[in-house]
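There are 2 protein chains.
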Amino acid sequence: MTRTAFFISDGTGITAESLGRSLLAQFENVEIRMITKPYIDSVEKAHQLAAIIESTAVKDGEQPIIIDTIVDSEIRSVIREAPGFKVDIFSTFLEPLEQELATHSSYSVGRTHAIGSDDVYMDRIQSVHFALDNDDGARTHQYDQADIILVGVSRCGKTPSSLYLALQFGIRAANYPLTEDDLDETGKLKLPPVLEPHRHKLFGLTIDPRRLAAIRHERRPNSRYSSMDQCVQEVTQAEALYRRMHIPFIDTTRFSVEEISTRMIAETGINRRFSPR
Amino acid sequence: MTRTAFFISDGTGITAESLGRSLLAQFENVEIRMITKPYIDSVEKAHQLAAIIESTAVKDGEQPIIIDTIVDSEIRSVIREAPGFKVDIFSTFLEPLEQELATHSSYSVGRTHAIGSDDVYMDRIQSVHFALDNDDGARTHQYDQADIILVGVSRCGKTPSSLYLALQFGIRAANYPLTEDDLDETGKLKLPPVLEPHRHKLFGLTIDPRRLAAIRHERRPNSRYSSMDQCVQEVTQAEALYRRMHIPFIDTTRFSVEEISTRMIAETGINRRFSPR
Numbered sequence: 001m002t003r004t005a006f007f008i009s010d011g012t013g014i015t016a017e018s019l020g021r022s023l024l025a026q027f028e029n030v031e032i033r034m035i036t037k038p039y040i041d042s043v044e045k046a047h048q049l050a051a052i053i054e055s056t057a058v059k060d061g062e063q064p065i066i067i068d069t070i071v072d073s074e075i076r077s078v079i080r081e082a083p084g085f086k087v088d089i090f091s092t093f094l095e096p097l098e099q100e101l102a103t104h105s106s107y108s109v110g111r112t113h114a115i116g117s118d119d120v121y122m123d124r125i126q127s128v129h130f131a132l133d134n135d136d137g138a139r140t141h142q143y144d145q146a147d148i149i150l151v152g153v154s155r156c157g158k159t160p161s162s163l164y165l166a167l168q169f170g171i172r173a174a175n176y177p178l179t180e181d182d183l184d185e186t187g188k189l190k191l192p193p194v195l196e197p198h199r200h201k202l203f204g205l206t207i208d209p210r211r212l213a214a215i216r217h218e219r220r221p222n223s224r225y226s227s228m229d230q231c232v233q234e235v236t237q238a239e240a241l242y243r244r245m246h247i248p249f250i251d252t253t254r255f256s257v258e259e260i261s262t263r264m265i266a267e268t269g270i271n272r273r274f275s276p277r
Numbered sequence: 001m002t003r004t005a006f007f008i009s010d011g012t013g014i015t016a017e018s019l020g021r022s023l024l025a026q027f028e029n030v031e032i033r034m035i036t037k038p039y040i041d042s043v044e045k046a047h048q049l050a051a052i053i054e055s056t057a058v059k060d061g062e063q064p065i066i067i068d069t070i071v072d073s074e075i076r077s078v079i080r081e082a083p084g085f086k087v088d089i090f091s092t093f094l095e096p097l098e099q100e101l102a103t104h105s106s107y108s109v110g111r112t113h114a115i116g117s118d119d120v121y122m123d124r125i126q127s128v129h130f131a132l133d134n135d136d137g138a139r140t141h142q143y144d145q146a147d148i149i150l151v152g153v154s155r156c157g158k159t160p161s162s163l164y165l166a167l168q169f170g171i172r173a174a175n176y177p178l179t180e181d182d183l184d185e186t187g188k189l190k191l192p193p194v195l196e197p198h199r200h201k202l203f204g205l206t207i208d209p210r211r212l213a214a215i216r217h218e219r220r221p222n223s224r225y226s227s228m229d230q231c232v233q234e235v236t237q238a239e240a241l242y243r244r245m246h247i248p249f250i251d252t253t254r255f256s257v258e259e260i261s262t263r264m265i266a267e268t269g270i271n272r273r274f275s276p277r
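Chains as they are written, first to last, in full-length UniProt numbering: chain A, 1 to 277; chain B, 1 to 277.
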């Protein structure tokens, strides 16, 4: 039997969905259809959504699970009347927090993800463009401005990780691909000369060669580039280089981009320029 | 008086931080220092963190606020003993959910942000590379594979939004810059020919000309490109084009990348290829 969960917000829905998925992930044996409904910021939209919730309850034969972060009390009361099992985050926690902080909370709609200061915005845009300009070794003369330089073989996850660091945390991440040429030279296990002065900023990525071969195969099927032999050789040499040079590294095989990025931050202690909102 | 809040997790910390920031954003008049502590996944790390919390309580002269999503009961009990005002999300909501779903939850550590299926990973990587390959009008022959094509003048927020859509939702977003040439021609208010066949996929971005001038000034100070006149003219023409061609558009001036992206999804109804975890 499938249940339905609604993640409802008057803003982006990111918080409600993030929390909802975390909670429901603990129930592996229940099949749950998850629906995010952001920008429910008027009584009218709330009534429309309440009607959807009602018809879902009828169709499922079970009340839906409702996880919401709506701040406005009038809008929330409409959703409350819909049939559902309510996980009401704000009303559960805001009142005790008001007591602890000895103050009232401001019930402003969609407060969290508002753009904030201009500085934060500029930092974010600049970090994204830094990551793009310094992607894949395209440029190396800005490495002195980088917060971190990701190194690794082609398609081990450098680009998505650099972009995630930029977008979510305003971190300036360059990335440099260890190519066959670099790695051949490092048969003697030496760093590419261009990386040498920035050794303290390097962070290595590695990956299971089978996974790498599958990813490369999507790009260039049946090529030497995507062959198992080639992938094993490159990965082995890259890891040997990290160990020899004491470059911290992480195996991306079992990790999401979120995990790779937050683990790198935790391990290096780099400062975020801002925080996700 | 400054208070301290700790967002603590055995995984990435994304859920605890997202919820914590949402809750505390309702208390604008209290100064709160926010610290995220991810990967508290052993009793040893929990003890180290408990010591930090204790010394923070002494320094602040007030107990810290502790918002955690730790699943393991042994690790959580260590944090519980530290002095703090606890917002305990999982223990508050999991038990009622267990009753509602008539099943027990799996207390697996760091379950939510685990990488998931290979398909999801591939989709994500491919969407990021699609956004990069099709950034800034670099390529236009893949527009038939795009889920959405963002248009707008230079530096109005197209690139960060495309990348966010790719990273967070696996959406294939291309973006095309409306340059002076395009806009001059569209003095007659016509679409650039390359966009014509994909009209139904277009989404416009616009921006306050003053903000645009400030952003461009960071890139090329005191240039024609960053002059107020130029910015006013480009923005006015772009908006006239959107209206004439019935292209939906959004003003990015007051919005974060999260808001721009989730509003575009809500408005167009594009399907996400996966959901943030």
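C-beta atoms are modelled at their ideal positions from N, C-alpha and C, and glycine is treated no differently.
The criterion of a C-beta distance shorter than 9 Å is satisfied by residue 149(B) and residue 173(B). Every unbroken stretch of the alpha helix (DSSP H) spanning 4 or more residues and falling wholly within the region 39–115 of chain A is given here in chain order: 43–60, 73–81 and 89–101. Comparing alpha carbon positions, the residue from 251(A), 75(A), 34(A) and 60(A) closest to residue 50(A) is 75(A). Taking a cut-off of 8 Å on C-beta distances, the region 30–49 of chain B does not touch the region 196–213 of chain A, as fewer than three cross pairs fall below it.
Apart from sequence neighbours up to five positions away, the residues of its chain that approach residue 69(B) with a beta-carbon distance below 7 Å are 9, 15, 16, 89 and 90, ordered along the chain.
For residue 257(A), the neighbours in chain B by C-beta distance under 8 Å run, in chain order, 124 and 167. Taking a cut-off of 8 Å for Cβ pairs, the region 227–246 of chain B and the region 135–146 of chain B do not touch, as fewer than three such pairs fall below it.
Residue pairing from DSSP places residue 177(A) in a beta bridge opposite 152(A). Between residue 64(A) and residue 6(A), the C-beta gap is smaller than 9 Å, which places the two residues in contact.
Straight through space, the alpha carbons of residue 52(B) and residue 59(B) are spaced by roughly 10 Å.
For the 9 Å CB-CB criterion, residue 164(B) and residue 232(B) do not form a contact.
With a 10 Å radius around the Cβ and a threshold of 16 neighbouring Cβ atoms, residue 44(B) comes out exposed.
Along the region 136–155 of chain B, going in chain order, the ones with a CB nearer than 9 Å to a CB of chain A are 155. Contact of residue 218(A) with chain B is assigned, a C-beta pair being separated by under 9 Å.
Close CB contacts of residue 140(B) within its chain, under the 6 Å cut and outside five residues either way in sequence, are with 194 (chain order). What residue 263(A) touches in chain B, judged by beta-carbon distance under 9 Å, is 12, 38 and 39, going in chain order. In this structure, residue 152(B) and residue 178(B) form a Cβ contact; the two beta carbons are roughly 6 Å apart against a cut-off of 8 Å. For residue 266(A), the closest Cβ of chain B is nearer than 9 Å.
Taking every protein chain shown into account, the CB of residue 56(B) has 16 or more other CB atoms within 10 angstroms, so this residue is buried. Residue 83(B) has its alpha-carbon roughly 12 Å from the corresponding atom of residue 77(B). Contact annotation: residue 132(A) and residue 133(B) have beta-carbon atoms that are not nearer than 9 Å. For residue 31(A), the secondary structure class from DSSP, reduced to helix, strand or coil, is strand.
Counting C-beta atoms within 10 angstroms of its own C-beta, residue 261(B) has 16 or more neighbours from the protein chains shown and is therefore classed as buried. Following the DSSP letters along the chain, one finds residue 205(A) inside the beta strand (DSSP E) bounded by residues 202–206. By DSSP's assignment, residue 4(A) forms a beta bridge with 33(A). Residue 89(B) has a beta carbon lying within less than 9 Å of a beta carbon in chain A. At a C-beta separation below 7 Å, residue 163(A) has these neighbours in chain B: 128, 163 and 167.
When DSSP states are grouped into helix, strand and coil, residue 169(A) belongs to the helix group. Contact annotation: residue 169(B) and residue 273(B) have beta-carbon atoms nearer than 9 Å. Taking a contact as a CB-CB distance under 8 Å, the pair residue 203(A) and residue 248(A) counts as one, their CB atoms being some 6 Å apart.
When Cβ-Cβ separations below 9 Å define contact, residue 29(B) makes contact with chain A. CA-to-CA, the gap between residue 191(A) and residue 162(A) works out to about 21 Å. By alpha-carbon distance to residue 102(B), the top candidate from 137(A), 21(A), 81(A) and 3(A) is 3(A). Scanning chain A for C-beta atoms nearer than 9 Å to the C-beta of residue 6(B) yields nothing, as the closest lies near 14 Å away. Our two residues, residue 126(B) and residue 176(A), have alpha carbons roughly 19 Å apart in a direct line. Chain-order list of chain B residues neighbouring residue 160(A): 124, 125, 128 and 167, by C-beta distance under 8 Å.
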